[in-house]
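Just below is one structure, and these are the notes that go with it.
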Amino acid sequence: MKMRLAFVLGLTFVTSLSAQQPPAAPARPATPPVMVGQQDGFFTTRDGVRIHYLTHGDNGSWVVLVHGYSDNAQRMWFNTGIAPEIAKHHRVVAIDNRNHGQSDKPTPGGSGRAQDVIELMDHLKIQRAHIHGYSMGGGIVGSLLGMIPERFITAGFGGSGMTETNASYRAEAEAMDDALPKATGADAEGMERFRSRVAAARPAGSAAAATTTAPPAAVTVDLTKLTIPILAVNGSFDNPYRKTHRLWREVQTFHNVILPGRTHLTAIAAGAAPSQQYVDAISKFIDMYDVK
């Protein structure tokens, strides 16, 4: 029996309804480890790119965190309090995607790469992990579901999800989002400024990976055959149903969290007070479905 849980406006309920990236914040310079127990490391990928990563925690299952476009592991996962909270019961590793943070930048302004996450897991001898990504990182998680599904304990999409492939279902999801309140004032202005900065930073002719919510066409993902629990966390101002409608329909165990009044930038507390709802959502989900 499929289980679909939704968390909206602080309420939790079970539903049988079949229907119900941030991009991240502007890039900031990566900083040295600032938390007790936090460590950093490097490895070199098969194509010669030096990748930086941060770890925290000594016990429990591994949690792999993949940040969004133009962000970095330190700011998105550690400075927001997410990694330290998870590290209370797990071992956390957060990658600086290529072209980001302290990793090499063979294509300045370019995207991250799913294969780098696989090689990071191999480097640390991680057989299975909870893998969670935000925005572009969510697109990478989607690719990994098609590439290495057997290495997931759970999958998590933040500011992202899996877009509908069926036109009728896609229109249904769009109508649900269109009925939601929209961001105004400073929230709307902040998103517009961010979109402009992202467009200016992208290499000429490249795809807008910062808003990717589906893996590349070359990667096939049959969600109906996956048995791992999947989480999605999106702001109510961030078209949450476009990103989760397909997950609602096809995933056996799916938790959907909608953060009221949050945009793609503010859902994970970009430059603001940490979103405790986001911290709680991801940490509780991982603990609920952990494999000892």
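Residue numbers (my numbering): 100 to 391. From the three backbone atoms N, C-alpha and C, an ideal C-beta is built for every residue, glycine too.
Coil, strand or helix - residue i by DSSP
{"i": "Phe384", "result": "helix"}
{"i": "His344", "result": "helix"}
{"i": "Ala366", "result": "coil"}
{"i": "His189", "result": "coil"}
{"i": "Asp139", "result": "strand"}
{"i": "Lys101", "result": "coil"}
{"i": "Thr262", "result": "coil"}
{"i": "Arg212", "result": "coil"}
{"i": "Ile247", "result": "coil"}
{"i": "Ala285", "result": "helix"}
{"i": "His166", "result": "coil"}
{"i": "Val332", "result": "strand"}
{"i": "Leu279", "result": "coil"}
{"i": "Ala182", "result": "helix"}
{"i": "Arg269", "result": "helix"}
Distance CB(residue i)-CB(residue j) smaller than 8 Å
{"i": "Met246", "j": "Val163", "result": "no"}
{"i": "Arg197", "j": "Thr154", "result": "no"}
{"i": "Ala91", "j": "Ile252", "result": "The chain is shown only over 100 to 391; residue 91 falls outside these bounds and no answer can be derived."}
{"i": "Gln351", "j": "Thr319", "result": "no"}
{"i": "Ala272", "j": "His354", "result": "no"}
{"i": "Asp379", "j": "Tyr340", "result": "no"}
{"i": "Gly211", "j": "His222", "result": "no"}
{"i": "Leu346", "j": "Tyr377", "result": "no"}
{"i": "Ala254", "j": "Ile230", "result": "yes"}
{"i": "Ile367", "j": "Thr179", "result": "yes"}
{"i": "Ala282", "j": "Phe336", "result": "yes"}
Member of the options whose CA lies at the smallest distance from the CA of residue i
{"i": "Gly334", "options": "Thr343, Leu325, Phe353 and His363", "result": "His363"}
{"i": "Arg301", "options": "Ala186, Trp176, Asp170 and Gly208", "result": "Gly208"}
{"i": "Val165", "options": "Asn158, Trp176, Gly159 and Gly156", "result": "Trp176"}
{"i": "Val356", "options": "Leu279, Thr365 and Gly258", "result": "Gly258"}
{"i": "Pro328", "options": "Glu249, Ala287 and His188", "result": "Glu249"}
{"i": "Arg145", "options": "Pro183, Glu218 and Ser202", "result": "Glu218"}
{"i": "Gly238", "options": "Ser295, Gly167 and Ile385", "result": "Gly167"}
{"i": "Ile185", "options": "Ala278, Asn158 and Ile194", "result": "Asn158"}
{"i": "Tyr388", "options": "His188, Gly289, Ile181 and Ser169", "result": "His188"}
{"i": "Asn171", "options": "Lys324, Phe256, Leu243 and Ser234", "result": "Ser234"}
{"i": "Lys324", "options": "Thr143, Leu244 and Phe256", "result": "Leu244"}
Buried versus exposed, by CB contacts within 10 Å (16 or more), residue i
{"i": "Val135", "result": "exposed"}
{"i": "Gly260", "result": "buried"}
{"i": "Asn265", "result": "exposed"}
{"i": "Val390", "result": "exposed"}
{"i": "Ala285", "result": "exposed"}
{"i": "Lys101", "result": "exposed"}
{"i": "Thr365", "result": "buried"}
{"i": "Pro183", "result": "buried"}
{"i": "Val361", "result": "Sequence inspection shows Arg at residue 361; the Val mentioned does not correspond to that position. Buried."}
{"i": "Gln138", "result": "exposed"}
{"i": "Lys342", "result": "buried"}
{"i": "Glu291", "result": "exposed"}
{"i": "Phe384", "result": "buried"}
{"i": "Phe256", "result": "buried"}
{"i": "Ser295", "result": "exposed"}
For residue j and residue i, believed in contact at Cβ under 8 Å, the rounded distance
{"i": "Leu322", "j": "Glu349", "result": "4 Å"}
{"i": "Asp195", "j": "His151", "result": "4 Å"}
{"i": "Asp203", "j": "Val148", "result": "5 Å"}
{"i": "Val297", "j": "Ser160", "result": "34 Å between Cβ atoms; not a contact."}
Any non-hydrogen atom of the ligand NAP within 7 Å of residue i CB
{"i": "Leu325", "result": "Questions concerning the ligand NAP fall outside what the structure shown contains, since it holds no ligand whatsoever."}
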